[in-house]
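Engineer: I'd like to ask you about the structure that follows.
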Amino acid sequence: RQQYYFHNFLPSQPNLNLSNPVVLDAMIDTCRFWLDKGVDGFRLDAIHTAKLDNDWTDNRPRPRTDGIRPEREFDYQAQDSAQLNQPSIQILSARLRELVDGYGDRFLMGELDGEDAVAVSKTFTEPGRLHSTYNFN
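As structure tokens, then:
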């Protein structure tokens, strides 16, 4: 069929096109459904991957450094500059926070990663965004 979709992880986990306002609204409506059911909040898995570069820019090559594990060399050949931590992801963060704040004492926590995990965490936890983040570094 010559049709493709993007996925950061498993082929059974396609990325949603959160650049499309209809898709973003559907995501917010789904969260509203669960908040109405009484959940205390959301853990947002790999939230740094939720929004892609709209221009589909290639990732920049990573400068060659010592210490790259040979068995995973391909993983480290490119910086994830075009597919991770895009500034526009904060539209989702702000929309979710606005929704959650309307339900009282609820909580948003995001799992994320990046070249500088502390800096990335700061962008996701600015006022009006996620309450907290964590990473695996």
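Numbering (this note's numbering), first residue to last: 3 to 139. Here a beta-carbon is modelled for each residue, glycine too, at the ideal position from N, C-alpha and C.
1) Pick helix, strand or coil for residue 128, following the three-state DSSP scheme.
2) Under the three-state reduction of DSSP, which class applies to residue 45: helix, strand or coil?
3) Quick one: complete beta strand (DSSP E) runs, 3+ long, within the segment 79-119?
4) Between the Cα of residue 42 and those of 108, 36, 125, 134, spot the shortest distance and give me the residue it belongs to.
5) Using alpha carbons as the reference points, say which of 97, 7, 129 lies closest to residue 16.
6) I need the boundaries of the beta strand (DSSP E) containing residue 135, first residue and last residue.
7) Can you say whether residue 102 is buried or exposed, counting buried as having 16 or more other CB atoms within 10 angstroms of its CB?
8) Helix, strand or coil for residue 3? Go by DSSP, reduced to three states.
9) Contact check, residue 30 vs residue 112 under 8 angstroms by CB: the rounded distance?
Structural biologist: Let's see:
1) On the sequence shown, position 126 is the one that residue 128 refers to. Note: residue 128 maps to coil in three-state DSSP.
2) Here residue 45 refers to the residue found at position 43 when the sequence shown is read from its first residue. Residue state, collapsed to three classes: strand.
3) Counting only runs of 3 or more, we get 109-113.
4) Stepping through the sequence shown from its first residue, residue 42 is reached at position 40. Cα-wise, what sits closest to residue 42 is 108.
5) Residue 16 sits at position 14 when you count from the first residue of the sequence shown. Check the Cα spacing between residue 16 and each of 97, 7, 129: the tightest is with 7.
6) Numbered from its first residue, the sequence shown carries residue 135 at position 133. It spans 134-136 - the beta strand (DSSP E) in which residue 135 sits, taken as one unbroken run.
7) On the sequence shown, residue 102 is found 100 positions in, with the first residue counted as 1. Per the 10 Å Cβ criterion, buried.
8) As a working note, residue 3 is residue 1 in the sequence shown. Of the three classes helix, strand and coil, the one that applies to residue 3 here is coil, per DSSP.
9) On the sequence shown, position 28 is the one that residue 30 refers to. On the sequence shown, position 110 is the one that residue 112 refers to. At roughly 16 angstroms, the Cβ-Cβ gap does not stay under 8 angstroms, so residue 30 and residue 112 are not in contact.
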